[in-house]
Amino acid sequence: MSAYKTLLVERAGATATVVLNRPEVRNALDLVMRQELLAALDEIEADAEVRVLVLRGASGHFCAGGDVRTMRERRYTSAEGRARVEMLNRFIVRLVNFPRPTLAMVEGVAVGAGCNLALACDLVVASEDAKFGEVFAKIGLVPDGGGTYLLPRLVGLARAKELIFTAEIIDAAEALRLGLINRVVPARELAAVTRDLAERIAAGPPLALRMAKELVNRAAASDLDTAFNLEAFAQGVAIASDDHQEGVSAFFEKRRPRFTGR
């Protein structure tokens, strides 16, 4: 994997891990990191051996959102502010639609754009000390990074507005109760649980999981008839695949299937 200034990209088996690596600012998103995140996704997608992507932060925190230090240095114009957000949003769109399952491994803070970075992943595993929050209002900003789209779909419209309006920071237990995340585990178990979940998903049928992810993503903005039609098309592709034949054979032979993505 390539070298980056603000990221570490690691590969273990069929899992690629992108580490946000600006620990001195709790992995805040500067312009370089936004550009490198897009480049890292391109690199990982081009690797046919990768079946799962894990996103995490370095040194005990996930991501503190935008780098507030740069906001203090000078006053941005409206055009500059828009350009910053559009660069981030290009990555969020790529992450939401990434053709492999994605997991956010969250410890410490995941606030502001960092919170939405986690929510853009398919699954979120958090340690007990993790904190989440749409804290934009604290510095006179509106949510970006897809927060206005992702948050209400997870927690409902009224609760999303409350979290945005109050800029409340919630702990992992509350995030789990609201449906914001999938799992909460002790900090010492976070890496192992995330790794085991990634390996379990990586052992699944890549083609079927990619299509299932796309169907679920599209369903939020489509009607029932459209969902049915897309399911029928995708199932037609899946049932003709080598992976389906392997899955059926493994079922009757009482063994684990060995999926290839074909």
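With the first letter of the sequence shown counted as 1, position 194 gets the number 194 in the working numbering; the numbers rise by one all the way through.
Using N, Cα and C, we set each Cβ at its ideal position, and we do this for glycine too.
- When DSSP states are grouped into helix, strand and coil, Phe252 belongs to the helix group.
- For Leu20, the secondary structure class from DSSP, reduced to helix, strand or coil, is strand.
- Note: Arg183 is bridge-paired with Val125 in the DSSP secondary-structure output.
- Residue state for Phe136 is assigned as helix, using DSSP reduced to three classes.
- Excluding residues up to 5 positions away in sequence, Ala234, Val237 and Ala238 lie with their Cβ nearer than 8 Å to the Cβ of Met211 in the same chain.
- The segment 136-212 contains, as complete alpha helix (DSSP H) runs of 4+ residues, the segments 147-155, 157-166, 172-178 and 190-202 (chain order).
- Shown here, Ala28 sits in coil according to DSSP, grouped into three states, outside any helix or strand.
- The C-alpha of Arg94 is placed about 16 Å away from the C-alpha of Val50.
- Only residues of its own chain outside the window of five on either side were considered, and among them Lys131 and Gly133 have a CB closer than 6 Å to the CB of Ile169, listed in chain order.
- Residue pairing from DSSP places Arg11 in a beta bridge opposite Ala16.
- Contact between the segment 86-105 and the segment 144-156 is present, with at least three C-beta pairs closer than 8 Å.
- Glu162 and Glu199 have their C-alpha atoms spaced approximately 36 Å apart.
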